[in-house]
Amino acid sequence: MDTPAILVTVGGLALAGFVLWYFFFSARQTASAVSSSGGVQEVAITVKGGYSPDVIEVERGKPVQLSFYRDEENSCSEELLMPDFSIRRDLPAFKTTLVELLPQQAGKFEFTCGMGMLRGSLVVK
Amino acid sequence: MEPATKTETLDIEGMTCASCASFVEKSLSRTPGVQRAMVNFATEKATVDYVPTQASPATLKEAVINAGYGVVERAPDTSAAERSAEIDRQKALAYQKLKRRFWVAVGLALIIMPLSMLMLWPAMMARVNMQWLNYALLLLTLPVLLYSGREFYVSAWNGFKHRAANMDTLIAVGTGAAFLYSLAATVVPGFFTSRGLMPEVYYDTTATIIALILLGKVLELRAKTQTSAAMRSLIGLQAKTARVVRPDGAEVDVPIEQVQLGDLVVVRPGEKVATDGLITEGSSALDEAMLTGESLPVQKQVGDPVFGATLNKTGSFRFRVTKVGSDTMLSQIVKLVEDAQGSRAPIQRLADKVSAIFVPTVVVIAILTFVIWFDLAPAGTRLPLALVNFVAVLIIACPCALGLATPTAIMVSTGKGAEHGVLVRNAEALEKAYQVNTVLLDKTGTITKGEPAVTDFWTLPGQEAAQLLPVVAAVERQSEHPLAEAVVRHADAQGAASLTATGFRAVEGKGAAATVNGQAVLIGNRRLLADESVSLAPSLITQAEQLLSQAKTVLYIAVAGQAVGLVGVADTVRDTSAAAIKKLQALGIEVVMMTGDNTETAAQVAGQVGITRFFAEVLPQDKAGKVKELQGEGRTVAMVGDGINDAPALAQADIGLAIGSGTDVAMEAAGITLMRSDLNGVVTAIELSRQTIRTIKQNLFFAFIYNTLGIPVAAGLLYPFFGILLSPMLAAGAMALSSVSVLTNSLRLRSFDNH
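Going down the list, the protein sequences come from chains H and G. According to the numbering used here, the stretch in the first sequence is residues 0 to 124, in order. According to the numbering used here, the stretch in the second sequence is residues 44 to 798, in order.
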């Protein structure tokens with residue numbers, strides 16, 4: 000094995016390690032819901048190549064209003080799925096789409112794009 | 044004259060108890076110009092009728108704020124139709140854009156490809172300056188990259204910032220690597236030649252991949268719009284206007300949004316019914332196929348319910364509005380289908396788990412491919428070989444096929460189901476229906492019509508049935524008893540003449556009496572005749588006993604103190620039941636019947652429709668137990684029922700099917716609701732579920748096999764054995780076709796037809 004091969008091997012393995020860490024193990028952006036005076040927990044989410052914030056904490060038993068603003072035209076994010084709440088919505092580009100739900104059970108509920116590539120989760124406490 | 048009032052709905056914020064609601068209500072009622080204010084604590088809404096000249100939405104809001112509460116300003120509540128129109132418009136625009144990007148990529152790729160091939164032609168290569176050719180190719184590739192492929196890079200970058208990777212990540216990294224390598228070979232060829240490498244360029248690869256992926260996207264988008272076609276046509280059924288009768292008798296066309304509860308609406312032949320209501324005047328045949336899947340028009344008269352979006356065929360009628368907006372049958376169907384399309388099938392779980400880790404995993408495999416090729420290939424060709432295989436792995440991997448496999452099939456089939464009057468609650472219900480091997484039918488209302496009908500009209504010798512029937516009908520027409528209604532329906536169906544009865548009197552629990560054509564007529568049970576001291580001829584008694592043995596209810600007729608005939612009434616089997624049960628049995632499903640009737644009657648009905656196993660004398664509270672009993676035999680049970688007392692049984696079953704104009708309670712407990720009130724709906728539901736799950740399984744199988752075979756081949760696994768390498772361009776072609784094949788397979792469900 001010559002020097003370039005060693006460099007490529009070491010570099011490649013390091014890069015692979017980075018990819019795994021970055022996508023699977025690094026810390027995520029978390030947001031807690033803000034309760035309005037009406038008792039509705041409101042969270043604003045921007046959709047652009049992903050959901051930010053992508054971990055949303057809400058309280059159980061209180062209505063939740065998620066407003067998804069889709070800040071791109073990329074077709075990947077055009078659909079929003081929250082299977083645990085039987086919600087499937089088309090998110091129009093550069094528009095805010097309101098999603099209302101009432102979390103009855105504590106737990107972690109995923110929401111994804113139409114193909115399950117973009118992911119976020121609703122943590123009900 | 045009273046000034047015209049307007050109605051405003053306010054969303055009230057901050058109410059914590061019912062007394063707050065009455066406080067807001069008082070405050071609103073005291074506002075000048077307000078005629079009526081109603082605050083609903085549960086929905087947090089206030090409905091206010093006010094005189095526009097004296098009050099306005101602003102003064103109403105002020106009144107609420109003065110009371111210490113808030114008014115929530117909401118985005119104007121757009122209807123489902125408007126929302127879907129806006130989304131459709133955007134999608135059409137995106138499609139146009141995508142097509143433009145695709146054609147630019149194709150056009151340029153068609154020039155780049157032959158130019159790149161010049162290099163394979165030695166005679167030509169000698170005459171052309173390589174350096175210049177590379178720069179020319181670079182210039183041609185740039186627009187493909189920056190215009191046609193721009194979205195891939197932007198999306199990949201946006202995703203990367205969110206620690207998310209999607210299909211675009213793979214394409215961006217793959218084409219980006221090929222392009223950057225080519226760029227370096229073009230700009231600093233000396234770097235390559237000094238290390239004994241040919242400064243090869245991969246502009247053709249870059250451009251072709253982008254063109255092919257875009258082709259896949261164009262096809263995919265076109266197919267995807269078709270998956271929701273049924274849903275769109277459902278929403279499109281909604282009438283736009285209604286012809287409302289004003290208190291002064293004037294008929295005015297008003298937009299559907301302004302129609303209110305209690306309004307009187309006119310419907311003429313050929314018109315669409317605007318919303319749900321009860322007929323107050325006139326009669327007609329209505330085509331309800333769009334809601335129930337029932338192809339025959341339904342006859343409706345005064346007092347019958349009509350539903351928005353159905354089509355009035357023959358007569359004119361007026362109806363009183365009982366439901367508007369999201370409460371209508373159509374809206375509820377749309378909502379149910381929408382919910383079902385948002386649900387996730389358990390079968391999809393594995394695919395979900397895989398797609399969550401798919402892209403980063405593929406990137407890691409691609410990096411390892413690069414490293415291994417670089418380490419093992421001969422020094423002179425190791426870099427290009429490592430690069431080509433790296434790109435091929437990234438490009439061939441297709442998470443889309445996995446992601447599309449289940450949801451597209453669910454979308455097509457739930458929409459298709461609604462078209463046939465089969466409303467599926469969620470994807471899980473569809474999956475359960477697929478596994479069913481036993482169908483348990485509650486006799487009344489499913490196999491039978493659930494309402495009495497005249498089965499026999501028997502007269503003593505010497506009496507003319509055709510003359511007796513109008514006489515009996517004249518009496519029964521004045522009665523409200525269900526049995527009397529059955530006799531009247533029978534008489535109408537026979538076209539019996541209409542006579543007048545006078546002195547009508549109902550005898551509680553026994554029957555009725557009246558005078559027709561000057562003769563006293565009695566119709567009722569045996570006790571009625573006994574009370575009136577009417578004697579029965581022996582032949583009449585024999586006939587009555589025979590009818591009773593067939594589990595029929597017998598009505599005795601006496602005219603002028605003489606018993607002259609009998610009417611046999613029974614809950615009749617639907618015309619469609621026997622055929623539907625046969626179809627279910629042909630599908631390999633055992634059909635079991637359950638009824639509260641005695642064993643004899645149960646056996647008779649079962650025999651009539653071809654059922655061999657049945658439970659008789661089942662009390663309502665024991666129905667769920669019977670479901671359990673069947674489940675205990677290791678069966679997957681579908682329970683079909685219609686009434687409130689079926690709800691526990693529907694819930695206990697693996698899958699509950701609520702039949703026909705089912706009550707809300709039954710619909711809640713049921714996984715599938717059948718709008719058409721016959722057993723054919725059960726056949727449709729089971730056939731649909733079987734086809735859908737079969738399609739999903741095919742899709743998932745294909746998506747898994749495609750990726751698990753494609754990725755190793757692209758990585759060059761076959762090279763050591765067969766010398767086969769996969770060109771990245773072929774990989775792009777395969778990838779474009781894979782997601783389209785999955786979609787096309789799902790769209791095959793659109794041709795589902797159970798007839």
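Glycine included, C-beta positions come from ideal geometry on N, C-alpha and C.
My guess is that residue i and residue j are in contact by the Cβ rule of under 8 Å, so how many angstroms apart are they, rounded?
i        : j        : result
G/TYR178 : G/THR229 : 6 Å
H/ILE55  : H/LEU121 : 5 Å
G/THR644 : G/ALA594 : 4 Å
G/ARG468 : G/LEU379 : 7 Å
G/LYS260 : G/LEU786 : That belief does not hold up - the Cβ atoms of G/LYS260 and G/LEU786 are roughly 11 Å apart, past 8 Å.
G/SER732 : G/LEU473 : 5 Å
G/SER386 : H/SER85  : 5 Å
Counting only C-beta atoms, is residue i closer than 7 Å to chain G at any point?
i       : result
H/PHE22 : yes
H/LYS47 : yes
H/ARG69 : no
H/GLY11 : yes
H/ILE86 : yes
H/PRO91 : yes
H/ALA43 : no
H/ALA4  : yes
H/ALA30 : no
H/PRO82 : yes
Please confirm whether residue i and residue j have their CB atoms less than 7 Å apart.
i        : j        : result
G/LEU673 : G/VAL680 : yes
G/GLN647 : G/VAL670 : no
G/ALA603 : G/ALA563 : yes
G/ILE438 : G/ALA774 : yes
G/GLY358 : G/SER338 : no
G/GLY759 : G/LEU768 : yes
G/ALA110 : G/SER72  : no
H/VAL39  : H/PRO62  : yes
What's the gap between the Cα of residue i and the Cα of residue j?
i        : j        : result
G/ARG361 : G/LYS492 : 28 Å
G/MET778 : G/ALA448 : 15 Å
G/TYR196 : G/ALA215 : 5 Å
G/ARG570 : G/PRO691 : 38 Å
G/SER456 : G/ILE748 : 24 Å
G/PRO95  : G/GLN303 : 18 Å
G/LYS625 : G/ALA250 : 59 Å
G/ILE322 : G/PRO290 : 17 Å
G/ARG532 : G/ASP131 : 49 Å
G/GLN506 : G/ASN480 : 53 Å
G/GLN664 : G/ASN688 : 7 Å
G/LEU141 : G/TRP416 : 36 Å
H/ALA4   : G/ARG425 : 10 Å
H/PRO102 : G/VAL725 : 33 Å
G/ASP296 : G/GLY351 : 16 Å
G/SER522 : G/ALA383 : 45 Å
G/PRO525 : G/ALA534 : 14 Å
G/ASN800 : G/GLN651 : Any property of residue 800 of chain G remains undetermined from this structure, which presents chain G solely from 44 to 798.
H/ALA30  : H/LEU90  : 21 Å
For residue i, count the other beta carbons within 10 Å of its own beta carbon; 16 or more makes it buried, fewer makes it exposed. Which is it?
i        : result
G/GLY631 : exposed
H/MET0   : exposed
H/GLU99  : exposed
H/GLU71  : buried
G/ILE154 : exposed
G/ILE584 : exposed
H/MET116 : buried
G/THR121 : Confidence at G/THR121 is low in this model, with a pLDDT of 48, below 50, so the placement of that residue should be treated as unreliable; the coordinate-derived value is given next. The residue is exposed, with fewer than 16 neighbouring Cβ atoms inside 10 Å.
G/ASN209 : buried
Does residue i have its Cβ less than 7 Å from a Cβ in chain A?
i        : result
G/ARG387 : This model lacks chain A altogether, as its protein chains are H and G.
Just checking: is the beta-carbon of residue i within a distance shorter than 7 Å of some beta-carbon in chain H?
i        : result
G/GLY759 : no
G/ALA476 : no
G/ILE410 : yes
G/CYS443 : yes
G/ASN209 : yes
G/SER398 : yes
G/ASP418 : yes
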